[in-house]
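Participant:
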Amino acid sequence: MKNKANKIMVITVTDVRNIPKQQWTKPLTENCKELVWIDLKKIYLEHGKEKTQKILLKKVEQEKPEFLFMYDSLFYDINLLSLMDGIKQVSKKTRTVLFSGDDDLTFDYTRYLALFFDYILLGLIDYVKIYEEHGLNNAYYITPADYKEIPQQAKKYDVTFMGADKADRREVLDYLHKSGVNITLFGYPTWKKYPGLRDIYKGMLPSEEYLKTISQSKINLCFSKNMLGVPHLTGRFLENSVLKSFSLIEYSPQVAELLKEGKEIVMFKTKEEALKKIKYYLEHENERENIAKAAYKKVTVDFDFRKNLKKFIQKALKQKPKSNVPKEDSSLIYLNEKLMKEPKEQLFKKIKNFEYIAFSKGKVIKSRFKDRLQVYSIKENKKQISCCDYTIYSKQLGDYARFRFVPFGKVPNREYAPYLSINQIVMTKKFFIENFAQIKNAYKKEMINFVNQKNTAFVSIPLVRISKFRSKFFKQKELTEQLGLFLFSFHRELYARRKNPIRFMQYVFSLLKEIIMGKRFIIKQIKYRIPKS
-9 MKNKANKIMV
1 ITVTDVRNIP
11 KQQWTKPLTE
21 NCKELVWIDL
31 KKIYLEHGKE
41 KTQKILLKKV
51 EQEKPEFLFM
61 YDSLFYDINL
71 LSLMDGIKQV
81 SKKTRTVLFS
91 GDDDLTFDYT
101 RYLALFFDYI
111 LLGLIDYVKI
121 YEEHGLNNAY
131 YITPADYKEI
141 PQQAKKYDVT
151 FMGADKADRR
161 EVLDYLHKSG
171 VNITLFGYPT
181 WKKYPGLRDI
191 YKGMLPSEEY
201 LKTISQSKIN
211 LCFSKNMLGV
221 PHLTGRFLEN
231 SVLKSFSLIE
241 YSPQVAELLK
251 EGKEIVMFKT
261 KEEALKKIKY
271 YLEHENEREN
281 IAKAAYKKVT
291 VDFDFRKNLK
301 KFIQKALKQK
311 PKSNVPKEDS
321 SLIYLNEKLM
331 KEPKEQLFKK
341 IKNFEYIAFS
351 KGKVIKSRFK
361 DRLQVYSIKE
371 NKKQISCCDY
381 TIYSKQLGDY
391 ARFRFVPFGK
401 VPNREYAPYL
411 SINQIVMTKK
421 FFIENFAQIK
431 NAYKKEMINF
441 VNQKNTAFVS
451 IPLVRISKFR
461 SKFFKQKELT
471 EQLGLFLFSF
481 HRELYARRKN
491 PIRFMQYVFS
501 LLKEIIMGKR
511 FIIKQIKYRI
521 PKS
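Take the sequence shown: its position 447, counting from 1, is numbered 437 in my numbering, and each next residue is one higher.
1. If you pair each beta-carbon of the stretch 143 to 157 with each one of the stretch 200 to 212, do three or more pairs fall below 8 Å?
2. Check whether the Cβ atoms of Ala284 and Lys261 sit closer than 9 Å, and answer yes or no.
3. Quick one: Cα of Tyr184 to Cα of Leu163, how far?
4. Which of the three DSSP states, helix, strand or coil, is assigned to Pro185?
5. Can you tell me which of Asp361, Pro491, Gln496, Phe478 puts its alpha carbon nearest to the alpha carbon of Ile513?
6. Any chance the stretch 373 to 390 sits against the stretch 410 to 418, with 3 or more Cβ pairs inside 8 Å?
7. Considering only residues of the same chain and omitting the five flanking positions on each side of Lys356, which have a CB-CB separation below 7 Å?
8. Quick check on this structure: which residue in Ile303, Ser235, Thr290, Phe302 has the alpha carbon closest to the alpha carbon of Glu275?
9. How would you call Leu473, buried or exposed, if buried means at least 16 neighbouring beta carbons within 10 angstroms?
10. May I ask you to report which of helix, strand or coil DSSP gives Gly388?
11. How far does the alpha helix (DSSP H) with Thr224 in it extend, from its first residue to its last?
12. On the DSSP letters alone, give me the boundaries of the alpha helix (DSSP H) that Asn216 sits inside.
13. Name the DSSP bridge partner or partners of Thr86?
14. Tell me the residue span of the beta strand (DSSP E) that contains Ala144.
15. Using a Cβ-Cβ cut-off of 7 Å (strictly less than) and excluding sequence neighbours within five positions of Ser321, which residues of its own chain qualify?
16. Taking a contact to mean a Cβ-Cβ separation below 9 Å, would you say Tyr99 touches Leu363 in this structure?
17. Determine, using beta carbons only, whether Ser197 and Gln12 come nearer to each other than 9 Å.
18. So for Phe107, helix, strand or coil by DSSP?
19. Between the C-alpha atoms of Ser90 and Val118, what's the straight-line distance to the nearest angstrom?
20. Alpha carbon to alpha carbon, what distance is there between Lys(-6) and Pro55?
21. CB-CB under 8 Å to Val365, same chain, minus the five flanking residues each way: which ones, in chain order?
22. When the distance is taken between beta carbons, is Tyr109 closer than 9 Å to Phe359?
23. Mark Phe258 as exposed unless 16 or more other C-beta atoms lie within 10 angstroms of its C-beta, in which case mark it buried.
24. Pairing CB atoms from the stretch 81 to 89 with CB atoms from the stretch 45 to 61, are three or more of them under 8 Å?
25. For the candidate residues Phe106, Leu484, Leu126, whose alpha-carbon lies nearest to that of Val498?
26. Below 8 Å on the Cβ atoms is my contact criterion, and I expect Gly193 with Phe176 to pass it. Report the Cβ-Cβ distance as a whole number of Å.
27. Hey, out of Pro221, Leu307, Ser169, whose CA is closest to Lys(-3)'s CA?
28. At what residues does the beta strand (DSSP E) containing Thr133 begin and finish?
29. Suppose contacts are defined by Cβ-Cβ distances below 9 Å. Is Val232 in contact with Tyr271 by that definition?
30. Using only the alpha-carbon positions, how far apart do Arg487 and Leu501 sit?
31. CA-CA distance, Leu565 and Leu223?
32. To the nearest angstrom, report how far apart Glu161 and Gln386 are at their CA atoms.
33. Could you check what DSSP says for Pro196 in three-state terms: helix, strand or coil?
34. Cα separation between Asn326 and Leu195?
35. For Glu24, tell me which candidate among Leu35, Ile45, Val0, Thr42 has the shortest Cα-Cα distance.
36. Using the three-state DSSP reduction, which class does Pro17 fall into: helix, strand or coil?
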């Protein structure tokens, strides 16, 4: 029986501050004869978006790996559906694997992305069942916590926290700091904007220091709430545990099911309880260390990364790559401006033999996967409407912004309705007929007011490109910053052209042209991305 893959390729970011390469190198090396790393960020910033897609496709065609691993968080600015479809054409025997660590936030994205992969590895164990409930039996739980080779470090810090500013973390950290806890904070520079935390913030850690710091901490503080404020299974305590370092973790029902409270893990529900337990475990070293040892034993037996990865690869080697991409659906009809002006009875006759209605208005370009994914989303979710994302483009700039009706870490909001385009919508014929007057009015006035969480399946992938939009789109600051409704990418294209003065200036002039034509938000975005001193 074949135990190893001949060749594994990984597409990720490989700089020192990015964890995947550090986490996955040894476990993957043990499971293949040759491991090839492709630095997506480096290629993108050297060649730009369009060439990056071609380069990635060419590398896969040349290497023909048995496995191709990719990470979901890297691809919001790349046409990944087209890329994955192309990979299947040039390397039919390659097994494609998607790793997703934040399905509680990105499920409306990754669940559809997973259709274009042979397998998906999940960082949240409870989502394996959810994928299976949606007919996807190619999902596996795996956590990349594998640091047994890191030597034990002398304790240097009382309490540390490493991570981003989200949910109510700042409130808890501020409370602990003001209560006299000797806490050290690491993470993104956004922490510096809070005066009360500046003196404890020590910057970002490269991966080798990150691991040492975990081991050097008496108490590693872990938060469980995601950006929506909902507790979930964080992998941080697993990383701490394999280093035999004590974790104090915010309560999570998923963690409570996996480890014994007070024996293998210690949790808190309020900031006051966190303070109380920090004081207790700083004073009771033996008890703290015994819990850390018990957690280490539990994690290395039940969540051993190398063992689980080996098991997955050996199972996948016995299987042939299988496509999960939905087939074309001939039961969908597009209604354009001419058809929408026809009398109701006449229009209803034309849609009689179709089950789904899509719309076309203005100058738009749709993905060749749009119809099949949106019809699939309606069927799979038992909804009446499907709403996808879109990109805004111009001939000179290409796609320079992406609209997300379900912003990362936020809930769809009625206030977002003005930003919708009718071109994003697919619906059942039944809903169209029953709500015809409202839909016709929405089509005419371009105000989509019938989309909500109850009746709509959201496909958080840009399947439509539009060129025209209302100028008021970008007047609200919170909608245009990095995690708002719009993601901007023209700054990356500028950087990619920096070594070619002619191409660089062509792009600058195109930006100026768009600004003169009324797209003032571009100035705001450029200012937003200039590093603050």
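Glycine is no exception: its CB is placed at the ideal position from the N, C-alpha and C atoms.
Given the structure is predicted, the values throughout are model-derived calculations rather than measurements.
Facilitator: Per the coordinate set shown:
1. yes
2. no
3. 11 Å
4. helix
5. Phe478
6. yes
7. Leu453, Val454
8. Ser235
9. Note that Leu473 scores a pLDDT of 43, beneath 50, so its modelled location is shaky and nothing firm can be said.
10. strand
11. It is not in any alpha helix (DSSP H) - Thr224 carries neither H nor E in the DSSP assignment.
12. Premise fails: Asn216 is in no alpha helix (DSSP H) and is neither H nor E.
13. Leu58
14. No beta strand (DSSP E) holds Ala144; DSSP gives it neither H nor E.
15. Phe344, Glu345, Tyr346
16. no
17. yes
18. coil
19. 11 Å
20. 12 Å
21. Pro316, Asp319, Ser321, Leu322, Tyr346, Ser376, Val416
22. no
23. buried
24. yes
25. Leu484
26. 7 Å
27. Leu307
28. Here Thr133 belongs to no beta strand (DSSP E), and DSSP marks it neither H nor E.
29. no
30. 14 Å
31. The question about residue 565 has no answer, for the chain in this structure spans -9 to 523.
32. 45 Å
33. coil
34. 54 Å
35. Val0
36. helix
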